[in-house]
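**Q** Structure below; questions to follow.
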Amino acid sequence: ALDLTTSTGRALAGLLAVFAEFERDILRERVKAGIAQARREGRPHGRPPTARRKSKQIKRLYARGVSKSAIARKLHIGRTSVRRILTE
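This is the structure we're talking about:
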């Protein structure tokens, strides 16, 4: 346990906080470098688009009178995605 009532304990806690921040910065740099590399190589990154591929299904279900929420649940996509596709 770390005793924060002593000057040594507070100094050690500060040191741990500095290393934690350093580690986050290093991770952030690696992620940015990886995304930049993927872009240069033309590889897709991020979450794959799933709702767009289901737009025909969404429109068909909505035309049958199925609610937007029910469509989202049935197709495992977000309600906002359903609304966006239906307003396009």
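Following my numbering, the numbering of the sequence shown begins with 62 at its first residue and continues without gaps.
Think of the CB as a built atom: it goes at the ideal place given N, C-alpha and C, for glycine as much as any other residue.
1) Is there contact between the region 136-146 and the region 105-124, where contact requires at least three CB pairs shorter than 8 Å?
2) Please report the Cβ distance between L65 and A74, rounded to the nearest whole angstrom; I am assuming they are in contact, meaning their Cβ atoms lie under 8 Å.
3) Could you give the first and the last residue of the continuous alpha helix (DSSP H) run that contains V143?
4) Is the beta carbon of L63 sitting closer than 8 Å to the one on G70?
5) Does DSSP put A81 in a helix, in a strand, or in coil?
**A** Quick answer:
1) Cβ pair count under 8 Å is three or more, so yes.
2) Indeed they touch by this definition, with Cβ atoms about 6 Å apart.
3) V143: member of the alpha helix (DSSP H) spanning R140 to T148, first to last residue.
4) Closer than 8 Å, so yes.
5) Helix at A81.
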